[in-house]
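Residue numbers (numbering that gives the first Met the number 0), protein chains in the order written: chain D, 0 to 101; chain L, 0 to 168; chain F, 0 to 475; chain Z, 0 to 630.
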Amino acid sequence: MVTIPFSHGLLLAAALFLLGVICVLTRRNIIFMLLGLEIMLNAAGLAFVVAGARWGQPDGQIMFLIVLAMAAAEVSVGLALVLEWYHRMHSLDVDQASRLRG
Amino acid sequence: MNTLFYLAAAVAILATLLVITRAHAVHALLYLIVSLLAAALAFFLLGAPFAAALEVIVYAGAIMVLFVFVVMMLNLGTHSVRGERQWLRPAAWVGPGLLAAVLLAELVYVLGGWSAPATTPAAIGPREVGLALFGPYVLAVELASVMLLAGLVGAYHLARPQKEAEGEA
Amino acid sequence: MQSADYMALLPLLVLSGALGAVMLLIAIGRHHGLTALLTLAGLAAAVAALPVAAARAPIRVTALLTIDGYGLFFMALVLLATAAVALLGYAYFRSWSGHREEFYLLLLCAALGACVLVVSSHFTAFFVGLEILSIALYALIAYPRHRAESLEAGIKYLVLAAGSAGFLLFGMALIYAERGTLDFTALAAAGGVPATLQSQVMLLTGLSLLLVGVGFKLALVPFHMWTADVYQGAPAPVTAFVATVSKTAVVALLLRLLAPMGAQSGAAFSQILAVLAAASMVGGNLLALRQQSVKRLLAYSSIAHLGYVLVAVLAAGPAAVPAVMFYMAAYTLAQLGSFGVIAVRSSRLTEADALESFSGLFFRQPWLATVFTAMLLSLAGIPLTAGFVGKFYVISAGAQNHLWWLIITLVLTSGVGLFYYLRVVVTMFSTSVPVDLTPRPVVFSGALVLTISTVLLIWLGTAPEPLVRLLQNMAP
Amino acid sequence: MIQLLWLIPALPLAGFVILALGGARLSRRAAAWIGVGSVGISALLTLALAVAFLRGLPAIPAHIRQVWTWFDVAGLNIGVSFYLDALALTMMAVITGVGFLIHLYSVGYMAHDDGFSRFFAYMNLFVGAMLILVMADNLMLLYLGWEGVGACSYLLIGFWYRDPANGYAARKAFVVTRVGDTAMAVALFLLFDRLGSLQIQELMQRAGAQWGVGTILPTVVALLLLGGAVGKSAQLPLQTWLPDAMAGPTPVSALIHAATMVTAGFYLIARTHLIFELSPLAMSIVAIVGAATLLLAGFSGLCQTDIKRVLAYSTVSQIGYMFLALGVGAWAAATFHFMIHAFFKALLFLAAGAVIHALSGEQDLFKMGGLRRELPLVYLVFLAGAASLSAIPLVTAGFYSKDMIIWEVFASNRGGTLLWAAALAGALLTSIYTFRMFFLCFEGPLRTPVAHKPGWNMSLPLAVLAVLSLVAGFLEIPHSFGGGVQIFSHFIQSALPATQLLPARESNEILCQLASAAAALGGLGLVWWLMLRSPQAGAALTRQPLAMKLSRFWLNGWGFDWLYGLLFERPYIFLAQINRADIVDGCFTLLARFGLALNALAGAAQTGRVRTYAAGLTVGAAAIIAWVVWL
């Protein structure tokens, strides 16, 4: 067992989360965007586990589980969309998805 | 033990940094698995062995495999890596990096001043989690199944092989 | 869980049962009309189960859900709006080939998520409900996958919704780390006086991140940019769903979360909410000014409407909760009717949302144009429509709490709003040569929705008293 | 019975809706049945209601019926609620009763007009709006009726819209009354703001409880209300629209002058009399406006050549009497005169209409004459109306109502000898211009051939109104006539206070009556002598240079139009010319440009790129947290 300040755990989560944000904001490849979203969600799950550990409750881990399930569902729909999109546009460039605007 | 946590944290951050900078999707995925394993270690050290196990099994195991599967299916060749390099010019990183830096600074300020007691937590094993999950949280489990069902139906509908006349009468 | 709990959960159980039944029906054999009928029957049964639940209300079912009059009202609104969307969907997809039945399955999933959202009193239920709604919506928005626009809208919604969900989760985690509970009421009980300034900052940061997620769903400025693209790309019935159910549910939840915490009275947080409200009112109305696409125009106007609602949310007086409830009901009606008009006019390949396609509509399909005019006037807040009463209610709730700046912004921006709503109305009455000369016949189910929503719109505008009384009794 | 109150305005409004929607698809017959029938049933209902109301007196002086609550939010109750008391009932009876007769008459008068159903639609709306105005229990509804009446007058005065002059007259009526409406709207806002209610009765009670007599607030409110009243009732200084409003079809003039519109101002003051009683200054101003108007209009009436314009000025003058009575606190007398005036003025207009109809649209008095033998019925009823208007003693209703006003102006504690003298002079003038018109029209040689004779549906209303103009006065016979009869004032005093008479003057009642009788008869005698007995003297008089100048001056209504043209129109046109670049519009354009610029700015963010949107999301998050952290 560790005896680190809990804020360090949360800071780790924050750092990972922001790396995920950077990934979503920077990458034009849809696959990488989805990866960035996964990083963000995982970081949020990590924050929950840290918070649960602070209070000695299982609730944090349960939220992590739910996040896990949500990430799985979201990724499956997301990848299905990507397949369909690639099938149509023959490209993974997300900036091509800008017909709708104005 | 504490050192191990910081080590895991360092590996996780480094691996994630590599994920977001790779041009090749498969490389990125492998680094992400490393990052997730490091996170799993952190979970374990924080007294959450059940979460750690699930992180490895579901995240690193299932979800990442799904990604690999799709990447393989799309069969992205070297030309896509070249295109990726073109998109990843240093200038592209400036804006998002600055934005993230601002957010990080804010969160560091908030969390840095946050004084939670650094007590040694008791580990919360699968038993406690399981009891809570099927006790007060049983509705959440049921609802999560609906959520997965929605994902399943959605993915089925969207990725189904398409007939040419789709949508036409 | 005891039998009373099951009784209180009956609407949700019925809805889940309908979900299973529709799935089985699809497995046995595909039939569009039958699937739609079964969906409607399931929704009707769920509505019929509401009084059963109301007899047990208010009741806490595990820590996750609180079934009370407030939640049941919004549940009724969600279920009825979903039924309307199902009817519109039937009209919209009727002439399509290919798989149409999953639409109803996903619609029921989304409705279930929204119903969970409006009765949740726990972060877990909040999140699960929100995600059921979101994930079903990703697929619904991209449902006509032969259209690049729909796919694009689906991808945009997915990326942004998942990202905002990440912010929301992180915020929840911070709140949990600070307070040690995920339960709204326990959170409110612990949230009376923060121990230190720093823990206050921690809590507020958590709430702010949470607000990013909520603001995304409600399309508040600056989290609004997806709105128009998604509204335009999604098939019209789904757009109606996004504009009504998903917003109604989140508004219901927001009020349930914030009201006991007294978050509206906290200086910093209420200022943020006020800024978001003002920005949404101004931004939404300005963006709609020159739109040539009616769907985009309605999307931007919906941003402004949620800004108006936020004024009542901020008011937090005794009139605030019924004001929000009434406003959402009026807004839901008008949006269903507006997108309904677009839905019944759309063809398989394109959405009938170009402003010029409405030119002279009054002379070709006078009834359709009249319905649309009524809806637009209600959205603009013209007297004798539900929208006027709702807006009046919101303003009086705001006035009770002396939110003068917000009220002035509301009134001024409503004036701007009048301009673009009337622009559409004038287009319908213009005598210039119409673009398409053959009006599409309106499918019965679509006509039914339009007629009922118009009647209700006028009824609520002329005799709102019964509903107002009901709401005052239901509000916590 | 009282439950059916809402039907009374609802029927004409329903008639309007049916006629407006049915439009040209309805046959003339159907349109006539709907248009006349709706008002007719309303009149019958009013009659039945009056019986029920009288039974309830004096125990229940007023009924309030909440018909429909629009909403009741935050202490503000807005809905349709009607208030029925003696004043409202009198107004309703006149509006529906006289209105019905005018409608019936119109079936004959408008029989060959293209806009037959449109005409009845407007007329029904007019009656409906006026009923809402007098029955309203709250200011919102009252204002709705008020504006409705204004809109209808615009539509009806400009009914024959193909002639630009008619459109001009309609616009003039609309704009001039609008000046008064603005003042009134300000008064209503002020009342709501200071007293916190929209219910009229509640407002009156609160005003009495919260405001002292002679304080500034009730004076301001009362004067603003008076502003609205003089606009609608065509009193000084806003009287200029009424003579021009003769452009509309004659039944419209009858409706405007007798039953609707111009009496709205009188009604407003009577309804809010508690506020006026709080302000002696405002009361005096009302009396002075009334006296000045009745004299001014009387002189103008002397020289008109158009039969309808004579009647128009006589209306202005008679309403002046009502205002004078209101100003001296003679509430019952004012209401009584309002009722009698409605009878004889409707009669005179309809009879004049019959003359005009008979002469194929000729309105010039000097082209008429000798109609006594051609149109005997019209001659008789016109005589009855003219006698009533001139207040010929004992046998006409007009005598009893006008005498009541003149006497109470003399004897009231708010009255005075000067006002009394003005009223008396007005009586003399009235008699002169009325019989001048009458003789010009019916005596002498026939100048224009008679084309149409009135049918039964035109004659019947004339006969009924003629009887009423003669006998309705017996409802109220002065004390000096052997104790007299006070049915009407007892009735109206359940709603309005009794006149405060000075005890020192009460003994002079019979003298006063003799004086007013002398004025009326003297005027008649003078005209008879100048026009019929020795026309040379009359002709000599009109050839006097002074008389000709005065005549021209009075013909043009004391030059008010010229004055207003000089004071308002010229500077306005001048300013408009300076403002050709349109400064105000420029401001609005600038505002619109600003809006569009902001639109472009906000729209620039709508790039369609998901990464931009995600960046927006993140910036929003960072900004919100920054706000929290640094606050």
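Ideal placement from N, C-alpha and C gives every residue a C-beta, glycine not left out.
Beta bridge counterpart(s) of I58(F) as assigned by DSSP:
Per DSSP, I66(F).
Going by DSSP in three states, L40(D) sits in which element: helix, strand or coil?
Note: L40(D) maps to helix in three-state DSSP.
Using DSSP bridges, identify the partner residues of G414(Z).
Per DSSP, none; premise fails for G414(Z).
Taking the straight line between their C-alpha atoms, what separation do you get for G34(Z) and V309(Z)?
Each residue's alpha carbon lies about 29 Å from the other.
What would DSSP say about V66(Z), mapped onto helix, strand or coil?
Strand, per DSSP.
Are the C-beta atoms of E83(L) and some chain Z residue less than 7 Å apart?
When Cβ-Cβ separations below 7 Å define contact, E83(L) makes no contact with chain Z.
Using a Cβ-Cβ cut-off of 7 Å, state whether P95(L) counts as contacting chain D.
With its beta carbon less than 7 Å from one in chain D, P95(L) belongs to the interface.
Quick check: Q234(Z) and D402(Z), are their CB atoms within less than 7 Å of each other?
Inclusion of Q234(Z) and D402(Z) in the CB contact set at 7 Å is not warranted, their separation being larger than that value.
7 Å Cβ cutoff, A194(F) in contact with chain D:
Model confidence at A194(F) stands at a pLDDT of 46, short of 50, so the residue's coordinates are unreliable and nothing is read from them.
Give the secondary structure of V415(F) by DSSP, where H, G and I count as helix, E and B as strand, and everything else as coil.
DSSP places V415(F) in helix when its eight states are reduced to three.
Partner residues on chain L for M201(F), Cβ-Cβ distance less than 7 Å:
Result: V109 and W113.
Per the contact definition of three or more C-beta pairs closer than 8 Å, is the region 238–254 of chain Z in contact with the region 178–192 of chain Z?
No: the two stretches stay apart, fewer than three of their Cβ pairs being nearer than 8 Å.
L449(F) and V370(F) - do their beta-carbons sit closer together than 7 Å?
Between V370(F) and L449(F), the CB-CB gap stays under 7 Å.
Between D94(D) and chain Z, is there a C-beta pair that is closer than 7 Å?
Interface residue, yes.
Answer with buried or exposed for E37(D), where buried requires no fewer than 16 other C-beta atoms within 10 angstroms of its C-beta.
When all chains shown are included, E37(D) counts as buried.
Close Cβ partners of I341(F) (< 7 Å) along its chain, the five nearest in sequence each way excluded:
Within the same chain, I341(F) has close Cβ partners A235, V293, K294, E350, A351 and D352.
Residues near F63(D) by beta carbon distance below 6 Å, same chain, minus five either side:
Here the set comprises G44, F47 and V48.
Cross-strand partners of G78(Z) (DSSP beta bridge):
Answer is T68(Z).
Inspect the CB distances between the region 325–345 of chain Z and the region 395–411 of chain Z and report whether three or more fall short of 8 Å.
Yes: at least three Cβ pairs fall under 8 Å.
Excluding sequence positions up to five away, which residues of its chain have a Cβ less than 8 Å from the Cβ of D94(D)?
R27.
Spatial neighbours of A164(L) within its chain, please: C-beta separation below 7 Å, excluding the five flanking residues on both sides.
Any reading at A164(L) must be qualified, since the residue scores a pLDDT of 48, below 50, and its modelled position is unreliable; the value itself is stated next. Excluding five sequence positions before and after A164(L), none of the CB atoms of its chain fall closer than 7 Å to its own CB.
Measuring straight from C-alpha to C-alpha, what distance separates T45(Z) and M91(Z)?
Their Cα atoms are separated by approximately 7 Å.
The region 447–463 of chain Z / the region 528–538 of chain Z touching (three or more Cβ pairs under 8 Å)
With the rule of 3 Cβ pairs closer than 8 Å, the region 447–463 of chain Z does not count as touching the region 528–538 of chain Z.
Measuring alpha carbon to alpha carbon, tell me which residue in L63(F), T204(F) and S377(F) is nearest T123(F).
For the residues L63(F), T204(F) and S377(F), the minimum Cα distance to T123(F) belongs to L63(F).
Could you tell me which uninterrupted alpha helix (DSSP H) segments, each at least 4 residues in length, are contained entirely in the region 106–144 of chain L, listed from first to last along the chain?
Complete alpha helix (DSSP H) runs here, min 4: 125–132.
Is there a Cβ from chain D that is less than 7 Å from the Cβ of G594(Z)?
No - not a single Cβ of chain D is within 7 Å of the one on G594(Z).
Members of the region 299–323 of chain F near chain D, C-beta cut-off 8 Å
Contact residues of the region 299–323 of chain F toward chain D are absent (C-beta to C-beta distance below 8 Å).
Kindly indicate if chain F contains any beta-carbon less than 7 Å away from that of R26(D).
For R26(D), no CB of chain F lies under 7 Å from its own CB, so it is not counted at the interface with that chain.
Closest Cβ-Cβ distance between L98(L) and chain Z: below 7 Å?
By this cut-off, L98(L) is an interface position.
Quick one: measure Cβ to Cβ for F338(F) and V388(F), integer angstroms, because I've assumed they're closer than 8 Å.
Their Cβ separation, rounded to whole angstroms, is 22 Å, which puts F338(F) and V388(F) out of contact at 8 Å.
Which residues in chain L have a C-beta closer than 7 Å to the C-beta of A128(Z)? List them in chain order.
The contacting residues do not exist; A128(Z) stays about 55 Å from chain L at best.
Specify, as a first and last residue, the run of the alpha helix (DSSP H) that A26(F) falls within.
Secondary structure note for A26(F): its alpha helix (DSSP H) is the uninterrupted segment S2 to I27.
Classification of H62(Z) by the beta-carbon crowding that lies within 10 angstroms, buried from 16 upward:
Counting of Cβ neighbours within 10 angstroms places H62(Z) among the buried residues, the total reaching 16 or more.
With 16 as the cutoff for other CB atoms within 10 Å, does D58(D) come out buried or exposed?
Counting the other CB atoms within 10 Å of its CB gives D58(D) a total of 16 or more, which places it among the buried residues.
Could you pull out every unbroken beta strand (DSSP E) segment of at least 3 residues lying fully inside the region 280–321 of chain Z, listed in chain order?
As for any beta strand (DSSP E) of minimum length 3 sitting wholly inside the region 280–321 of chain Z, there is none.
If we define contact as Cβ-Cβ less than 7 Å, is V627(Z) a contact residue for chain F?
Closer than 7 Å to some Cβ of chain F, the Cβ of V627(Z) qualifies, so yes.
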